[in-house]
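In my numbering, the protein residues as written are 99 to 331.
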């Protein structure tokens, strides 16, 4: 059992802040008692408190040791920040993807575009799309940072696999390169992933309560039997 295998959490608001704090404290105490009973000690150096929201973060203790508070954690491969900006995750994702991309071009001595595209789809693109429903970039700056990886790939692919003419040595635009190599933009694929996720949530294929995220409003227009409105939360 590892320290990051167990999470104790609770949502709160201004009305139940103290109550939730006490419930969390009690849950932590029960967890410690359980671990001691089964002789599975908790590594306090790897145990942290991660706070989201505007309220003041409260302290939690185990055996009179105050747990370390942090504003950034990594959970299931995704970097979370207390402001939910995901800047760190995007930066690390781009770094890992570029490292993999350069490794492919350095070690695969082929000018077959089909092979290199398959390698990109198998080893680079999954990193750029893993958990994207959680961290999908919401600003133009972050979107460009992610899209840059595929832009670099198509540029390198063009130089390796295309014989330039003497009359025109300029490189085609990113849109033309994507069309030539039969690729969709990463932004487009992120949007598709988001839509598929929402559709599966509405079809109750996930353990999510759709009414918690959307309001179902009847509609007689061309949109169908109802429309979805996001909840205030």
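All residues carry an ideal CB built from backbone N, CA and C; glycine is no exception.
Residue i - partner residues in DSSP beta bridges
i	result
residue 167	147
residue 178	171
residue 250	BP columns for residue 250 are empty, so no partner.
residue 160	163
Residue i classed as buried or exposed, judged by whether at least 16 other C-beta atoms fall within 10 angstroms
i	result
residue 234	buried
residue 199	buried
residue 206	exposed
residue 313	exposed
residue 189	exposed
residue 275	buried
residue 214	buried
residue 103	exposed
residue 245	buried
residue 101	Because the pLDDT of residue 101 is 48, which lies under 50, any placement of that residue in the model is unreliable, and the number read from its coordinates should be weighed accordingly. Flag for residue 101 reads exposed.
residue 138	exposed
residue 149	exposed
residue 135	exposed
Close-in-space but distant-in-sequence residues of the same chain around residue i (CB under 7 Å, 5 per side omitted)
i	result
residue 105	none
residue 287	227
Contacts around residue i, its chain only, beta-carbon distance under 8 Å, and the 5 residues preceding and following it disregarded
i	result
residue 174	229
residue 185	179, 240
residue 112	153
residue 146	165, 166, 167, 168, 171
Neighbourhood of residue i by C-beta distance below 6 Å, restricted to the same chain and skipping five residues each side
i	result
residue 110	118
residue 195	222, 225, 226, 247
residue 156	119
residue 140	133
Residue from the options whose Cα sits closest to the Cα of residue i
i	options	result
residue 251	217, 238, 231, 268	217
residue 236	292, 193, 268	292
residue 280	232, 303, 296, 211	211
residue 129	149, 159, 282, 114	159
residue 204	220, 296, 258, 249	258
residue 255	289, 142, 209, 310	209
residue 191	177, 201, 277, 202	177
Neighbour flag for residue i against chain D, beta carbons, 7 Å
i	result
residue 134	The structure shown has no chain D; it contains just one protein chain.
Cβ distance (whole Å) where residue i is taken to contact residue j below 8 Å
i	j	result
residue 108	residue 127	No, residue 108 and residue 127 are not in contact; Cβ-Cβ is about 14 Å, not under 8 Å.
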